[in-house]
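Notes follow the structure.
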Amino acid sequence: MSDNAAARGDMSTCSVSKGCFVFKPSTKKRKLSQSTAHDFGIRNDDSEDTELRFVTCQSLWNQIKSETEKVQEDLNKQLLDNLMNFLSRFHSEFQEKTAEWTCRMKFREIPTAALVLGVNVTDHDLTFRSVSDFLQNNITPYIALLEAKDCPGIKNLMQKLMGQLMNCYVDVDSLEDEDYVQVSQNRIRCSMSSLIKWYESVTKKTDSETPSKKRTTSTHWQSPPVVVIFKDMESFTTKVLQDFIVICSQHIHELPLVLIFGIATSPMIIHRLLPHSVSSLLCIELFQSLSCKDHLSTIIDKLLLTAQFPFKLGEKVLQVLINIFLYHDFSVQNFIKGFQLCIVEHFYSQPLSVLCCQLADLQKRVHSLSHDQCENIRRLPSFRRYVEEQESGKQVALLTTDNFLKEETQKLLEDLHVYHENYVSVLRCLHVFTSSLPKYPLGKQIRELHCACLENQVWETEEYESSLQLARMLNKSDLVTMLQQCMEILLSSSGKEFDKTVEKLKKFLTEFENLEAEAFQEQDVSISSQKELQKKTDLYHLQKTLLELKESRRSKKLTKFEMLRFEVVDYIDSLVRKYLVPADRRTLHEILYFNTAAVLRGHLNAAPRTALHTALNNPHWYLKNQALKCDGGSISNKAPDICIVYKLHLECGRLINLVDWLEAFSTVVMAGEEPNADTASSDQMDDIIHARFIRAVSELELLGFIKPSKQKTDHVARLTWGGC
Amino acid sequence: MPNLEHPAYPAAALLHLEGLVPCRESQVSMLLSIFGERQQFSFPSIFIYGHTSSGKTYVMQTLLKTLQLPHVFVNCVECFTSRLLLEEILIQLQSCSCETEPTSPVPCDTFNDFVRLFKQALVSRGLQDQTLYIVLDRAEQLREMEANILPAFLRLQELTDSNVTVVLLSEIVWELFRPNVGCFDPLTLYFPDYSIGHLQKILSQNHPPEYTADFYAAYINILLGVFYMVCRDLKELRHLAALNFSKYCEPVVRGEANERDTRKLWKNIEPHLKKAMQTVYLREISSSQWERLQHDGGEPGQLKGLSAHTHVELPYYSKFLLIAAYLASYNPVRTDKRFFLKHHGKIKKTNFMKKHEKTSNHLLGPKPFPLDRLLAILYSIVDKRVAPTANIFSQITSLVTLQLLSMVGQNDQLEGPRYKCTVSLDFIRAVARTVNFDIIKYLYDFL
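Structure follows, in structure tokens:
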């Protein structure tokens, strides 16, 4: 939900002390130019394949980008289709112009679509772009997108509206239209009547044109509607909206207007903004876009839980991205941006990321590795672990022979790819089980399960234990459907290892079917025991038999179904233990998995207040000057003036006496210097210190820590807290 | 009922006019006698007021059109600046009497220009010997334009020295218009609301061709019985009548009842109309959705109205920010210690309260609070440590754009910003429930 630039633009100036600094992840797409490629390897020498890494990064990102765009398109499709239906219904009504009684009597309302888009305002732009593109391609060239910040008054709104509409007219037809140029040169009269005149002239023109010339407009409807989109309904002022709607409703017969309200909160806002007399002019229908959480799930499913891309996110990094999403902004765009940052960071900081490529390219790349790169491989912690496990002869070969290392590396990386494929399939199977358990001990979403599995060996956790317990209590029909789902997942996966598993699952399923035949016999047994129970009338005996019955049931008498259920759960458990090993236990995982969460956190989770405080309180942190190094709360006179002033002001209350402050300041500054007896020079000194003090104080004021106060003369007010 | 009579106009036209303006005959005859004959000077300005849809605009329009009096009709909402208004009058004036294509409009920025151009236009159109009527609909908008516009229009006859009458139509009384000094008081005329009898008569006038007038009148009677309590707006009633008529006819079409069977028809339509009052009338669901429902025979319960979607999904910290803002808005500052410090000691509410705090803060509405207080409360109600990152700050801004918080008094650039929480108690309780936070325990009003 981090804010759109508009709102932030307004806010950031209102107070410096608030410390809301515009922060955008530095993931500007790198242009494919020599210089940027050069930047990529600026601190490494060329032996580390910087150029190749850059190209790989580029192509990977392009793939991912097109994939996300495809996902977004699919997700928006439903919404757009609904919108299309809505528009076409009203359009046919407008076209008919029937003299039918009901049509004559009914009040002509302005068709209004209320799009509820969720609170992640940053993502709305994309949705609106796709909506307007869609409308432009299929329905009407006349679309105006209005934002609240452009429309403080009805006049600005009309200007904006007419500007956008009349420009789009130019886009559709060629520029040869002289009339239009004239109109634009004169000042356009911003009234509805001129808009109507314009609309009439445009539609007449397109009608009279020969079909061959109408190439661009051919997909549009006859007398296409004029769509006005209010991007952020919440921010519009009531008066502007009311006036606009009243004006529009007076001309709805001549101008087929359609309004689209972009709503971030709830549709209640319409009633809050518009009184009944105005809302009764509208014919409002609600359209809900997909919730952003579902959107995220789809994105994670398509980007992370797939073997399509060699690049993977480690647990901590994924957790950071998901946390930002869930705790802070709900913005899928930001999530993707963060993902992009991970890619760039990985390819930039990890020299071996050159091997993070499709399997097909792997062999060539491994073999062209330089000696330095081989050394890099040997330095990887996971590889060292691997070497230690080998016998001594192989250890020597791995550490000394580059070619042997390369072959081994290729084999290990291929293993890693296979591991990932299998991992995803088994993860999905496990998710089928855990997502239907009561209370979801391992999480409801597959992303939670994924994180748990990446973090450590999932089978050692308590949650896993309790979910197995719960799985052992599933009923038969659920179990069968789950097994079938698992089978489908495994069949559709590309891994070759699952043939046996699928067979095993099939066997389970047939056994479950066979059980039904045997069920009758079971029933007989239980009925006989029931009968025995009924015979006893004595309370003591009854209790005893009940206890015995319970005991026997617990100890030995497992039904066949229960046995089978245990077997199934144990089998799933064995699958999990075999395939869901955390990625960081795998050799060479550093090449494919990006796991430096601290860097990402530093980039995405800026803490401006903390940074400012650190800079002023402990200048050594940033300036790296030994003279500034100080311990504890003491104030060094070597520090920049503003730091001294800042530290002194921390000790004051809400109001700060300037004279005392200056006194303290001069004491600190003079502390290192010899007391000088010469009064003339000390006077001069005082002036200089005074000036330095004033400058430092005004710098603090500029930073928003203090402001002049009218409560007391010669005092300033502190704006940050911590005052006593 | 007084028949319209006026020596200056042909009787046939008057008769036709009478048919067009039912229930407004007395007002029309009054206007006619004020207008006088075509060439006679009329009153310089007339002010007509009355409730929404009491026929002001319609009566003026039909009167001027049927009698073919030269007139200019302008809606002041549409002409939102004085320049647009004046130009619009001139444009209409140019096109009202002759069929020629209007020449490109002359820019007219001030009233002085207007008077000059207006006189020219009058001469060129040959309208000097007739009264020209300028009707300004929704005249209350004039008050928001430059201060000279309204007084000048009131004295337009005097300023232009020509035969012109300005008619102002408004929903509010003249007393709310009157500028301080030097104002010419117009002749005020009141259009009373239509009574239920009037409404019945007017609505029954336009019956559908395939049914008899009596049948339709009976339907209107039922409709008014349901809706008259809440709505007297003629336009709205007519709209509702058209929307629901097909349902009323259903038994007749199916052959279950004949047109006289009013009781059966009433039983059929009455619950339907009541439902309509709760949904379509409030625009909870749109009229087209309503019609579709009616057509498919579905229950209106299936469609959720706009107000049913109150749930707003927020990020985790936004929820806590909103809760903190709510607490800051509705709790007195002194009570923060009691709620958010661990060892606050025992403070009884009775000793604790000052006199003015005895009224519920919820009745007084939200109070503004500084940013720092919001953050301090946030830190104490969230279990985990929250770093004051840019993400947190930008969420506050987002909440402001979503109108869940509002910013107060933005005059001082360096002053810490102050906010108010604008959400309702129900809303915040729903939000608090999703994060397992018992907000009632923290609200001073509910101690």
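As you go down the protein sequences, you meet chains A and B in turn.
The numbering used here applies: residue 85 is where the first sequence begins, and numbers increase by one.
The numbering used here applies: residue 1266 is where the second sequence begins, and numbers increase by one.
Ideal placement from N, C-alpha and C gives every residue a C-beta, glycine not left out.
- Restricted to the region 443-516 of chain A, the alpha helix (DSSP H) segments that are unbroken, complete and at least 4 residues in length are 443-451, 455-463, 465-473, 476-484, listed in chain order.
- Asparagine 160 of chain A sits close to threonine 211 of chain A, with the two beta carbons spaced by under 8 angstroms.
- Taking a 10 Å sphere around the C-beta of histidine 774 of chain A, we find fewer than 16 other C-beta atoms and assign the residue as exposed.
- Relative to the Cα of isoleucine 406 of chain A, the nearest Cα in the group A:Cys376, A:Gln156, A:Ile336, A:Asn701 belongs to A:Cys376.
- CA-CA distance, isoleucine 383 of chain A to leucine 464 of chain A, rounds to 31 angstroms.
- Judged by DSSP in its simplified three-state form, serine 1671 of chain B adopts strand.
- For tyrosine 1484 of chain B, the nearest beta carbon of chain A is not closer than 8 angstroms to its own beta carbon.
- A direct Cα-to-Cα measurement between lysine 1706 of chain B and arginine 1603 of chain B gives close to 12 angstroms.
- With 16 or more other CB atoms across the displayed protein chains lying within 10 angstroms of its CB, threonine 349 of chain A is buried.
- For leucine 648 of chain A and leucine 1571 of chain B, the gap between their C-alpha atoms comes out near 51 angstroms.
- Counting along the chain, isoleucine 1313 of chain B sits inside the beta strand (DSSP E) bounded by residues 1310-1315.
- Selection B:Leu1499, B:Trp1555, B:Asp1691, B:Leu1433 evaluated against asparagine 1471 of chain B yields B:Leu1499 as nearest (Cα-Cα).
- Taking 9 angstroms as the cut-off between beta carbons, none of the residues of the region 507-540 of chain A comes near chain B.
- Taking a Cβ-Cβ cut-off of 7 angstroms, leucine 1708 of chain B has no neighbours in chain A, whose nearest Cβ is about 23 angstroms from it.
- Fewer than three Cβ pairs drawn from the region 1430-1448 of chain B and the region 1371-1378 of chain B lie within less than 8 angstroms of each other, which leaves the two stretches out of contact.
- Nearest in C-alpha terms to leucine 732 of chain A, of all of A:Ala691, A:Phe789, A:Ala682, A:Gln768, is A:Phe789.
- Distance from the CA atom of lysine 708 of chain A to the CA atom of leucine 374 of chain A, rounded to whole angstroms, is 50 angstroms.
- Residue-level contact by beta carbon fails for threonine 1544 of chain B and chain A, as no gap is shorter than 8 angstroms.
- For lysine 791 of chain A, the enclosing beta strand (DSSP E) starts and ends at 790-792.
- Spanning the alpha carbons of phenylalanine 419 of chain A and leucine 500 of chain A requires a straight line of approximately 26 angstroms.
- Taking the Cα positions, leucine 521 of chain A is about 21 angstroms away from threonine 1699 of chain B.
- Here alanine 198 of chain A carries a strand assignment [DSSP, helix/strand/coil].
- With fewer than 16 other Cβ atoms from the protein chains shown falling within 10 Å of its own Cβ, valine 480 of chain A counts as exposed.
- Residue pairing from DSSP places tyrosine 1684 of chain B in a beta bridge opposite B:Phe1634, B:Met1672.
- Remark: C-beta atoms of leucine 684 of chain A and leucine 436 of chain A do not approach each other more closely than 8 angstroms.
- From the beta-carbon of proline 1653 of chain B, the residues of chain A found nearer than 9 angstroms are Gly103, Ala691, Pro692, Arg693, Thr694.
- Scanning A:Phe170, A:Gln568, A:Glu151, A:Leu739 for the CA closest to the CA of phenylalanine 371 of chain A turns up A:Phe170.
- Beta bridge pairing from DSSP links glutamate 369 of chain A with A:Ala197.
- Contact annotation for histidine 1576 of chain B against chain A: Ser350 [CB-CB distance below 8 angstroms, chain order].
- Under the Cβ criterion of 8 angstroms, lysine 1321 of chain B is not counted among the residues facing chain A.
- One alpha carbon belongs to aspartate 654 of chain A, the other to valine 660 of chain A, and they sit about 10 angstroms apart.
- Under the 10 Å beta carbon count, serine 476 of chain A is surrounded by fewer than 16 other beta carbons and is classified as exposed.
- Of the other Cβ atoms in all chains shown, 16 or more fall within 10 Å of the Cβ of proline 1631 of chain B; this residue is therefore buried.
- With a threshold of 16 other beta carbon atoms within 10 Å, isoleucine 1642 of chain B meets it and is buried.
- Contact between glycine 398 of chain A and asparagine 689 of chain A does not hold, since their C-beta atoms are separated by about 17 angstroms, which reaches or exceeds 8 angstroms.
- Taking the beta carbon of cysteine 426 of chain A as reference, no residue of chain B falls within 9 angstroms; the closest one sits roughly 18 angstroms away.
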